[in-house]
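*Asks:* Quick note on my numbering: the sequence shown kicks off at 1 and runs consecutively. Got a structure here, written out as structure tokens. Questions coming.
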Amino acid sequence: MSVTPEAHDVGRASRIVAETMMAGHPDHDAAAPAAPTHHGERSVREIAATVHDPEIPVLSIQDLGILRDARLEEDGTAVVVITPTYSGCPAMDTITSDVREALRAAGHEQVRVDTVLQPAWTTDWMTEEGRAKLREYGIAPPTGRAAVGPIAVGLSVKCPQCDSPNTREMTRFSSTACKALYQCRECLEPFDHFKVH
Ligand SMILES: [Zn+2]
Numbered sequence: 001m002s003v004t005p006e007a008h009d010v011g012r013a014s015r016i017v018a019e020t021m022m023a024g025h026p027d028h029d030a031a032a033p034a035a036p037t038h039h040g041e042r043s044v045r046e047i048a049a050t051v052h053d054p055e056i057p058v059l060s061i062q063d064l065g066i067l068r069d070a071r072l073e074e075d076g077t078a079v080v081v082i083t084p085t086y087s088g089c090p091a092m093d094t095i096t097s098d099v100r101e102a103l104r105a106a107g108h109e110q111v112r113v114d115t116v117l118q119p120a121w122t123t124d125w126m127t128e129e130g131r132a133k134l135r136e137y138g139i140a141p142p143t144g145r146a147a148v149g150p151i152a153v154g155l156s157v158k159c160p161q162c163d164s165p166n167t168r169e170m171t172r173f174s175s176t177a178c179k180a181l182y183q184c185r186e187c188l189e190p191f192d193h194f195k196v197h
């Protein structure tokens with residue numbers, strides 16, 4: 001552990017201050033049992049981050065980078081802002097209702113989920129943790145960065161099984177529009193590649 005006790009305490013203190021400011025009222029009664037109005041120890045973001053993508057269940061909406069903001073407003077409304085991966089992605093309805101359900105289950109009575117379309121989501125927003133989870137799941141994570149303009153950066157897609165860059169695209173669209181089906185020329189395993197977007 002490189003974190004000194006002092007640094008830890010400072011971090012914790014500033015976090016509590018930030019949460020208190022966001023909540024708009026002090027809530028130090030941590031020992032009280034979880035009443036319906038009590039929001040517990042977890043922040044709105046932590047609760048929202050437990051929601052997973054219905055198409056790729058190993059990824060949380062935080063891993064995907066579609067969880068843009070989460071806060072508790074002064075009137076006690078838990079607000080979560082999400083940006084869809086692809087316009088018209090049917091998973092977004094499921095994600096929206098899952099976020100509501102998770103927050104209600106955690107004691108938030110007033111919940112609002114806002115969808116923001118601009119700036120548009122890009123695979124660049126996917127976290128390193130998310131990319132590692134994808135690889136473990138057998139899906140090649142997006143390579144390189146999203147194109148600035150119409151031409152995507154063509155980096156080789158590595159096989160998630162044997163790590164070989166010697167792969168080929170079989171079909172542009174796999175089980176979902178977000179993925180393409182690839183095959184490894186070394187180990188011959190077919191795999192999904194989460195396309196750069
Ligand atoms: Zn391979």
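All C-beta atoms in this analysis are idealised placements derived from N, C-alpha and C, irrespective of residue type, glycine included.
Look up Ala-70 in the DSSP assignment and say whether it is helix, strand or coil.
*Replies:* strand
*Asks:* Around ligand 1, which residues pass a check of Cβ closer than 7 Å to any of its heavy atoms?
*Replies:* Cys-159, Gln-161, Cys-162, Ser-164, Cys-184, Glu-186, Cys-187, Glu-189
*Asks:* So the candidates are Cys-178, Thr-171, Lys-133, Leu-188; which of them puts its Cα closest to the Cα of Cys-159?
*Replies:* Leu-188
*Asks:* Go ahead and pull the three-state DSSP assignment for Asp-53.
*Replies:* Asp-53: coil per DSSP, three-state reduction.
*Asks:* Report all residues from its chain with a CB closer than 8 Å to the CB of Lys-179; omit the five preceding and five following residues, and keep chain order.
*Replies:* Ile-139, Phe-173, Asp-192, His-193, Phe-194, Lys-195
*Asks:* Opposite Val-95 in the DSSP bridges: which residues?
*Replies:* The amino acid occupying residue 95 in the given sequence is Ile; Val does not appear at that position. Ile-95 pairs with nothing; no bridge assigned.
*Asks:* Could you tell me the boundaries of the alpha helix (DSSP H) in which Leu-200 lies?
*Replies:* Here the chain covers residues 1 to 197 and nothing more, so residue 200 does not appear.
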